[in-house]
Amino acid sequence: MLEQQFHENIDIQHVNTLPRRAFYIPYQLKESAYRLETRYQTNNVTLLNGNWYFKYFNSIEDYSSSLEIDKSQIIPVPSVWNIHGYDQIQYLNTQYPIPFDPPYVPKSNPCGCYIRSFEVTEYDEKSDYHLNFEGVDSAFYLWINDQFVGYSQISHSISEFDITSYVHSGTNTIQVLVLKYSDGTYFEDQDMFRHSGIFRDVYILKRAKSRINDFRIETRVNELQNQGIVDVKLEDKQGLDSVQTRLYGPDGALLQEAEISNLHRFIIETPQLWSTEKPTLYTITLTTKSEVITQKIGIREIQIQDNQFYINGQSIKFRGTNYHDSDPQTGYVMSEAQFMKDLTLMKQGNFNAIRTAHYPKSPLFYELADQYGFYVMSEADLETHGVVRLYGEENTDYFNLITDNPQYEKPIVERIEASIIPFKNYSSIVSWSMGNESGFGVNMVTAMSRVKTLDDTRPIHYEGTFHRDKSKSYDLSNVEMISRMYASPEEVEQKYLTDPDLDKPFILCEYAHAMGNSPGDLHAYQMLVEQYDSFIGGFVWEWCDHGIQVGQQNGKPIFRYGGDFGEELHDGNFCVDGIVFPDRTPHEGYYEFKHEHRPVRVVEEANGILKLRNQLDFSHVENYLTIEATATFLNGDKTSFDIMVDNFEPHSTQDIDLSNYIKIAELSDILLRYKLKNEEPLRHINFELGQDQIVYQRQSTNQHELDVQEGPVCYKENSHSLIVLANGYAYTFNKENGSLISVVYEGHTIVNHPTKNKIWRAPIDNDINVRKDWEYMGYAEAYTRVQNYKVEENNNAVSINFEIVIVHDVVPPILQGEMAWTVQSDGSINITYDLEKDIAGPFLPRFGLEITLPHTFEAVKYYGNGPFSSYSDKGVATYLDYFDTTVTQNGGNHIKPQESGSHNGTTYAKVSNDEHQITVTSDQPFSFNTTHYSLEQLTHTMHEDQLVEEETYIYIDYGQSGIGSNSCGPELSEIYQLNDKHIQFQFKLNFE
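Printed below as a string of structure tokens:
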């Protein structure tokens with residue numbers, strides 16, 4: 001039992017911790033200057049990362065400080081104990097994991113006791129020893145050499161203790177008791193796996209008695225005089241009259257130096273400014289008689305004017321992502337290599353901004369963001385979302401239960417302070433976010449006021465103002481942007497962007513929910529961003545799928561999500577909502593974002609003249625990238641050339657006359673690829689930054705018609721079937737459902753499964769809401785019934801015209817009309833649909849024909865939108881061309897199986913094995929897909945690794961409903977819903 005219960009006291013966040021300060025690692029004078037890659041390589045640091053003895057307790061009631069620890073049990077630090085076999089792995093979105101009874105937590109509160117020894121080589125009485133914990137979830141008690149030192153909480157914050165009086169020369173012992181739950185749990189209800197443990201670095205700093213404790217560096221830009229202004233302020237020092245400060249240029253050359261006692265201003269003529277495009281860093285050093293502190297800085301200034309967000313005098317847009325600390329093997333633990341993997345992918349995907357959802361990152365992250373150039377919205381470790389679920393389904397009337405109750409002011413303000421003070425000197429941070437999904441109230445007003453006393457150079461963001469009680473009056477003067485999450489493009493435009501009273505920039509802190517096959521609405525949002533200056537962009541939800549790796553299958557990782565670990569309370573696969581997999585393999589949504597945010601965009605085309613817009617904020621196009629064009633002509637010939645531009649300024653447009661390069665008359669399409677001109681740290685020369693394609697006229701697919709000898713065509717029938725014979729082919733049709741049930745060519749069976757008219761797709765995650773309506777209407781089990789049929793025969797063809805209804809029990813006919821199979825004398829088949837939809841029913845997932853072939857059909861070639869899948873609202877990353885792939889590759893899926901791999905805009909497709917092939921052609925573009933998994937299996941299987949390959953399934957669709965982002969975002973826009981009252985569709989099949 002603990003003698004004191006600090007973890008159940010709202011008024012106590014910390015015991016015996018040092019005042020918060022800017023993060024830094026002090027070096028000794030004789031040592032090399034601080035560098036990120038050698039941050040702990042100083043005699044001033046004793047790093048306590050590594051193996052610790054560990055004892056897990058199911059309940060804090062079982063713990064005793066005198067309890068012997070079995071030294072055979074060890075755990076690495078940093079880590080989370082859930083990944084190492086202790087406690088329950090649990091994923092929750094909004095629900096609290098414990099009864100809502102703040103500040104109290106269950107008595108059966110799991111905890112972990114960590115013990116290790118460390119050496120103090122020679123105790124120096126002229127120095128102090130400060131123990132730092134950069135992240136512990138959720139709260140912890142600390143002992144050194146069996147003496148109680150202190151307590152702290154706020155999981156994603158730095159806790160620093162003065163342990164000078166507790167340590168001695170030689171071997172010392174540290175003991176840390178980490179609690180799973182504390183009163184802080186009520187303020188940390190983020191959407192994530194709920195892990196526990198010491199998950200960030202632990203180290204001891206040896207500090208001189210006379211030292212700098214805290215300092216601030218602020219920069220501004222004087223555009224008129226082309227000067228950079230750097231203010232260095234010593235906010236807390238002890239035993240020092242003055243400090244030497246030096247300013248070094250980006251090349252490491254000393255530019256200026258001064259002896260300061262409090263404040264000094266450096267003025268830099270013609271500075272190299274910091275931005276995401278050019279993240280140039282200067283260096284400030286602060287030197288005392290025994291220590292040197294190094295801080296990298298970028299010269300930049302932030303302003304909000306005219307409802308726009310300005311960096312260095314230029315209006316910028318946030319092309320951002322929400323970024324949790326999440327790894328499938330280490331949980332919350334993020335190393336430099338893990339950060340670098342993510343930041344590299346982000347830079348290569350044209351992301352320029354990161355929201356640290358939903359807590360501050362480790363200092364290492366901000367140093368990397370400074371170095372590689374990202375605008376960071378740094379968020380406080382504050383979320384009380386669970387209050388909306390206290391009485392069942394989500395009720396936002398309770399959103400302000402904590403933030404509008406003065407009883408909780410202190411913990412909220414402390415959390416805000418913890419998110420700002422340590423990170424105030426990082427240039428990449430351009431906005432402070434007050435937290436996430438915590439409602440609004442008097443505590444947030446107080447906290448925002450406190451932010452402005454801490455830092456008035458960065459604007460405040462908080463989406464929770466949307467949920468404030470409109471019947472009350474609050475001071476919103478410190479809220480400097482209007483923020484929403486998951487508002488539809490229509491709502492964004494109509495409610496905000498066209499509002500004449502709009503007086504702040506508008507931003508989407510979360511949008512385009514990227515769960516599963518998603519998102520499908522990026523383009524609609526981006527068009528508004530480009531149209532309205534006041535729409536300053538947004539942050540996609542979210543960067544990576546949250547999943548726990550539990551093994552491998554055929555060299556591919558196996559991931560699990562909520563509910564897979566025996567936990568009773570969970571939120572399923574709602575955590576699998578990123579644009580990259582847990583192992584950072586990109587989803588197609590990653591490439592959608594990349595191409596949507598290409599640095600140059602064709603905004604208009606007329607008579608062979610392309611109008612290009614430079615989307616860059618600080619770079620001329622000709623200095624930043626090259627434009628490589630590939631022209632494809634109607635006969636299939638291609639030619640490539642470079643398009644030259646000159647003096648192409650940021651945010652400007654230029655016209656490109658294609659007739660200066662090629663003859664337009666026989667042009668099918670032109671594809672522009674934008675490639676990086678110069679080497680960058682995270683992108684190589686010629687790295688492709690994006691693309692545009694203008695299609696003038698599709699290539700004809702007639703050249704793919706099989707060259708066979710025409711012959712007579714005839715038919716015969718029995719009580720159940722119609723058999724059509726033509727040119728060595730025998731086609732058998734079912735008279736009851738109108739399906740083609742077999743194809744035999746010269747005695748060899750090609751098809752021996754009946755075709756099916758399909759209106760169902762394996763539901764994508766974004767179908768979660770409409771799926772209930774689809775299931776009620778029986779869309780998944782809908783079948784075709786023939787009401788009548790007529791056979792027309794002549795010398796060149798036999799046509800079977802079926803009058804059909806697509807039906808299911810209980811509900812009225814979903815579709816009805818005519819389906820015709822016309823077998824030509826050359827053995828090809830024309831299929832024609834002329835159907836009416838019951839418009840009273842919900843929109844259709846899809847409509848088309850399913851053809852089942854033997855599993856050996858594997859090779860695929862198509863002329864359509866590729867190489868990624870494409871739908872009516874998702875396909876910016878695709879372009880029209882001929883693509884060769886396989887059924888296996890095309891049917892790539894998601895952690896939770898669902899519809900994927902379709903290609904709209906297709907007019908030719910071929911699927912083959914070593915002996916036979918089937919081709920589909922049409923003058924009417926269709927959606928094409930092929931996979932080894934049936935719709936039934938994809939619909940009902942919960943994990944990708946549990947799929948079992950079956951036959952080869954081909955889908956030739958009139959269309960599908962769009963993708964959208966309705967798993968959390970707005971309903972699918974009507975323009976992307978397959979709800980056509982009249983469906984007319986035709987295509988041709990050739991078997992060989």
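In full-length UniProt numbering, the protein residues as written are 1 to 992.
Cβ coordinates follow ideal geometry from the N, Cα and C atoms, glycine included.
With a threshold of 16 other CB atoms inside 10 Å of the CB of Ala253, please say whether the residue is buried or exposed. exposed
Closest Cα partner of Tyr776 within the set Gly547, Val807, Ala22: Val807
Does DSSP put Asn443 in a helix, in a strand, or in coil? helix
Continuous alpha helix (DSSP H) stretch holding Ile420: start and end: 409-420
Starting from His523 and walking both ways along the beta strand (DSSP E), at which residues does that stretch end? Segment 522-531 is the alpha helix (DSSP H) holding His523; no beta strand (DSSP E) there.
What separation, rounded to the nearest whole angstrom, lies between the Cα atoms of Val708 and Glu992? Confidence is the limiting factor: at Val708 the pLDDT is only 49, short of 50, which leaves the residue's position unreliable and the question unanswerable from this model.
Consult DSSP for Glu291 and reduce its assignment to one of helix, strand or coil. strand
First through last residue of the beta strand (DSSP E) which encompasses Glu257: 254-260
I need the DSSP call for Met434, collapsed to helix, strand or coil. coil
Would Ile302 and Pro505 qualify as a contact pair, given that the criterion is a beta-carbon distance under 9 Å? no
Three-state secondary structure (DSSP) at Trp52? strand
Rounded to whole angstroms, what is the Cα-Cα separation between Ile217 and Tyr532? 34 Å
Within its chain, find whatever has a CB closer than 6 Å to the CB of Lys594; leave out the 5 residues flanking it on each side and keep chain order. Gly349, Asn350
3-residue-minimum beta strand (DSSP E) runs that sit fully inside the stretch 908-964, ordered along the chain: 917-931, 952-960
Which partner residues does Glu803 have in the DSSP bridge list? Asn788, Glu818
Given this structure, state the Cα-to-Cα distance separating Asp765 from Gly572, to the nearest angstrom. 12 Å
Flag this pair as yes or no: are the beta carbons of Pro519 and Gly969 separated by less than 9 Å? yes
DSSP on Phe199, reduced to helix/strand/coil? coil
So what's Arg319 in DSSP terms, helix, strand or just coil? strand
Ala369 to Val376, Cα distance in whole Å? 8 Å
So Tyr203 and Leu2 are supposed to be a Cβ contact under 8 Å. How far apart are they, rounded? At roughly 26 Å, the Cβ-Cβ gap does not stay under 8 Å, so Tyr203 and Leu2 are not in contact.
Using only the alpha-carbon positions, how far apart do Phe161 and Ser652 sit? 54 Å
Whole angstroms are fine: how far does the CA of Tyr779 sit from the CA of Val106? Before going further, note that residue 106 is Pro rather than Val in the sequence given. Rounded to the nearest angstrom, the two C-alpha atoms are 46 Å apart.
Rounding to the nearest angstrom, what Cα-Cα distance links Thr749 and Leu853 in this structure? 10 Å
Quick one: what's got a C-beta closer than 7 Å to Gly135's C-beta in the same chain, skipping five residues either side? Ser155, His156, Phe199, Arg200, Ser362
So, for Asn69: in the same chain, excluding its five sequence neighbours on each side, which residues have a beta-carbon less than 6 Å away from its beta-carbon? It is Ile, not Asn, that sits at residue 69 in the sequence shown. Tyr53, Lys55, Ile115.
Would you identify the three-state DSSP class for Glu3, choosing helix, strand or coil? coil
Report the option in Ser870, Gln407, Ile507, Tyr310 whose CA atom is closest to the CA atom of Asn904. Ser870
In whole angstroms, give me the CA-to-CA distance for Leu528 and His130. 51 Å
Where does Lys772 sit, in a helix, a strand or coil, going by DSSP? helix
Using beta-carbon positions only, say whether Glu383 and Arg355 come within less than 9 Å of one another. no
Give the C-beta separation of Val243 and Leu255 to the nearest angstrom, bearing in mind that I take them to be a contact with Cβ-Cβ under 8 Å. At roughly 18 Å, the Cβ-Cβ gap does not stay under 8 Å, so Val243 and Leu255 are not in contact.
Could you tell me which of Leu273, Lys452, Gly373, Ala512 sits nearest to Ser967, measuring between CA atoms? Ala512
Measuring alpha carbon to alpha carbon, tell me which residue in Asn913, Phe733, Phe618, Gln691 is nearest Glu951. Asn913
Should Ile975 be labelled buried (16 or more other beta-carbon atoms within 10 Å of its own) or exposed? exposed
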